[in-house]
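Chains as they are written, first to last, in the working numbering: chain L, 55 to 381; chain A, 55 to 381. Idealized CB from N, CA, C, for every residue including glycine. Working notes for the structure below.
Number of protein chains: 2
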Amino acid sequence: MSNDLKQRIMSRVQEDVIAIEAALRKNLDAHLPIVSDVAGHILFSGGKRLRPLLMVLSARLCGYDGGREIFFSTIFEYLHTATLLHDDLVDGAGLRRGRAAAHSVWGNEVAVLVGDFLLARSLTIASETGMTDVIKVIAGITENMSQGEIHQLTRKKNLDLTEAEYLEIIRRKTAVLMEGACRVGALISGAAKDRASALGAYGYHLGIAFQMADDLLDYTADTAVLGKAVGADLREGKLTLPVIRALSAAGERDRETMARIITDENFSVDDFNTLVRLLVSLGGIEDTKAEAEFHVTAAKTALSIFADSSDRSTLEDIADYALSRKH
Amino acid sequence: MSNDLKQRIMSRVQEDVIAIEAALRKNLDAHLPIVSDVAGHILFSGGKRLRPLLMVLSARLCGYDGGREIFFSTIFEYLHTATLLHDDLVDGAGLRRGRAAAHSVWGNEVAVLVGDFLLARSLTIASETGMTDVIKVIAGITENMSQGEIHQLTRKKNLDLTEAEYLEIIRRKTAVLMEGACRVGALISGAAKDRASALGAYGYHLGIAFQMADDLLDYTADTAVLGKAVGADLREGKLTLPVIRALSAAGERDRETMARIITDENFSVDDFNTLVRLLVSLGGIEDTKAEAEFHVTAAKTALSIFADSSDRSTLEDIADYALSRKH
Chain L
55 MSNDLKQRIM SRVQEDVIAI EAALRKNLDA HLPIVSDVAG HILFSGGKRL RPLLMVLSAR
115 LCGYDGGREI FFSTIFEYLH TATLLHDDLV DGAGLRRGRA AAHSVWGNEV AVLVGDFLLA
175 RSLTIASETG MTDVIKVIAG ITENMSQGEI HQLTRKKNLD LTEAEYLEII RRKTAVLMEG
235 ACRVGALISG AAKDRASALG AYGYHLGIAF QMADDLLDYT ADTAVLGKAV GADLREGKLT
295 LPVIRALSAA GERDRETMAR IITDENFSVD DFNTLVRLLV SLGGIEDTKA EAEFHVTAAK
355 TALSIFADSS DRSTLEDIAD YALSRKH
Chain A
55 MSNDLKQRIM SRVQEDVIAI EAALRKNLDA HLPIVSDVAG HILFSGGKRL RPLLMVLSAR
115 LCGYDGGREI FFSTIFEYLH TATLLHDDLV DGAGLRRGRA AAHSVWGNEV AVLVGDFLLA
175 RSLTIASETG MTDVIKVIAG ITENMSQGEI HQLTRKKNLD LTEAEYLEII RRKTAVLMEG
235 ACRVGALISG AAKDRASALG AYGYHLGIAF QMADDLLDYT ADTAVLGKAV GADLREGKLT
295 LPVIRALSAA GERDRETMAR IITDENFSVD DFNTLVRLLV SLGGIEDTKA EAEFHVTAAK
355 TALSIFADSS DRSTLEDIAD YALSRKH
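In structure tokens:
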């Protein structure tokens, strides 16, 4: 069913994705070839363009007919890519979408500065909307994302991380950007407040479900399909919901085993497999799936104030796909 | 005369500086204590608040009476501080204003993310102006600064760096921010175009003079007064105007001596002193002073369309101070 869903979404958004790709190249507007190279390395490495699509679909659902939705949608891919460049540095990640991360090819300095450049490009394009409310959304996204990353960093390998803290971190890190993309789609359409709020709620729940699915994949996918190393979160000391739920259900002995593996930076493949077995047997995997499903449903429900349409149904499919995807 | 000048400026701007300091604390609005700590470490380490002051004085010169100039002026200190956090990482600098650089205390990750947070705060405050023209200025500053830094990075230790390239780099890295601060002062006042352009020109020339003076100090100051290591530019492979001019005047033998020292990452104190002697004897120091003086005069001349006033005279004094300062 996952493949059917993907095909259906792709057939509906294919034209938009092609237009978004072209706009991403056109709007980059760098003065130095190295900036285009570094930005291009990560921008054109097979991203799904989910965030620009969310903005485009949201705008259409609100009846936008200004003709600039593809142009404006690049805001969210540039912003997303900027944070990837800064986060890869933070994560010390060696692989991103199956390619060497930019910082390991060009160095930390260039990766950070090209990230700044992309952030600034997204802002320049946002200013073209002529709406300071749009700017406020962009600024809020960046404030949240940086603080979410820092929060996660400061709680590395900390077994006391609560579920509430985890939710706060993924809200800031992931959900706020999708929420913002949907909300800006409504804003540029001059949509009524309840419609902007509904789309914001859709984006928020989609983002939470998307991140939970991502956190699951880190324990259940394999490296070739995922395009980055499985177990990367654990290696970086990031505690995610599968682990938090399993820890809370664990008896003393299982908890000790888990604690040993989580705090050991050089855990072995056997250790990792032991941990995954515990996440399964203690319900961490199932619980996380259930939570993600809850947010998928909430996302779709938020759209119920809109009349049936092809755009609404595509957004619903995207919510379902968040959970069924393999990478 | 330098001390008199400094005293005169300080006595005129003291109240504003105190108000700016308070606003910088109030507007920070971080959710995590570590963000306040890191941002505070660099924000409250004795900065001169030159950029916010430029905006405040420019606004007043244009008759601004909206009462929010101090609030808006924090945009430029947050932006400046964000770039310091990212540039210190880039420069690998160990000292900043006589204190350990943030990245060497909290790590690269946190320094980058707090930089992002400050950038976002400056943007949120800019959005409060309700003017997308202001946002465009902020976005343009960030596009320019990141590309200026990258340009400099890619030309490290390259003896072929031309004077035109050097000017392009310092324009993007330093002058565009001061130009932007002055221009925004005019924009929020609803000033006529010629006044905004005049203040922009003032800020641009001030920025160029300021950076040239900075580049001179790297060869002529001593570490204790400067608050960072003398010769740091050279150690990082940055070729600045004193070196470019000296190289172009040098005979074959002096050029070889200079090339050896410039390309040697571990040059000795003797090497450094030899280089400084050559910069003096070949006219690199004097030429750079003369160029900086030219831009100081151009900055002051740009203000001639404004009637005499205390604010105009403070801006003129600041231009003179750019060149006479010791750190």
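Put simply, the backbone Cα of residue 232 (chain L) is about 17 Å away from that of residue 348 (chain L). Residue 140 (chain L) and residue 268 (chain L) have their C-alpha atoms some 19 Å from each other.
When only Cα atoms are considered, residue 343 (chain L) and residue 238 (chain A) end up about 50 Å apart. What residue 227 (chain A) touches in chain L, judged by beta-carbon distance under 7 Å, is nothing: the nearest beta carbon there is about 11 Å away. Residue nearest to residue 90 (chain L) within the set L:224, L:276 and L:175 is L:175 (criterion: CA-CA distance).
Between the beta-carbon of residue 157 (chain A) and that of residue 170 (chain A) there is about 14 Å, and that puts the pair past the 8 Å contact cut. None of the residues of the segment 315-342 of chain A has a beta carbon lying less than 8 Å from any beta carbon of chain L. Neighbours of residue 171 (chain L) across chain A, judged by C-beta separation under 7 Å: 197, 200 and 201. Closer than 8 Å to the CB of residue 208 (chain A) there is at least one CB belonging to chain L.
Taking 8 Å as the CB threshold, residue 354 (chain L) stays off the interface with chain A.
Around the beta carbon of residue 354 (chain L), 16 or more other beta carbons lie within 10 angstroms, which makes this residue buried.
Residues of chain L whose Cβ lies closer than 7 Å to the Cβ of residue 175 (chain A) are, in chain order, 197. Between residue 358 (chain A) and residue 189 (chain L), the C-beta gap is not smaller than 8 Å, which leaves the two residues out of contact. Annotation: the continuous alpha helix (DSSP H) that includes residue 236 (chain A) extends over 230-242. Residue 185 (chain L): not part of any alpha helix (DSSP H); DSSP gives it neither H nor E. With a threshold of 16 other beta carbon atoms within 10 Å, residue 362 (chain A) falls short and is exposed.
Assigned with DSSP and collapsed to three states, residue 245 (chain L) falls in coil, not helix or strand. Counting every other CB atom within 10 Å of its CB across the protein chains shown gives residue 335 (chain L) a total below 16, marking it as exposed.
Identification of residues in the segment 125-141 of chain A having a C-beta nearer than 9 Å to some C-beta of chain L yields 136, 137, 140 and 141, given in sequence order.
Counting only the Cα atoms, residue 72 (chain A) lies some 30 Å from residue 352 (chain A). In this chain, the alpha helix (DSSP H) harbouring residue 375 (chain A) covers 364-378.
Taking a cut-off of 8 Å for Cβ pairs, the segment 252-260 of chain A and the segment 287-299 of chain A do not touch, as fewer than three such pairs fall below it.
Exclusion of the five residues before and after residue 223 (chain L) leaves 202, 205 and 206 as the residues of its chain whose Cβ lies within less than 7 Å of its Cβ. Contacts with chain A at 8 Å (Cβ-Cβ) include residue 162 (chain L). Comparing alpha carbon positions, the residue from A:370, A:376, A:379 and A:378 closest to residue 111 (chain A) is A:370.
Below the 9 Å Cβ cutoff, chain L contributes no neighbours of residue 90 (chain A), its closest Cβ being approximately 11 Å away. Chain-ordered, the chain A residues with CB closer than 7 Å to the CB of residue 86 (chain L) read 201, 204 and 205. In the structure shown, the three-state DSSP call for residue 94 (chain A) is helix.
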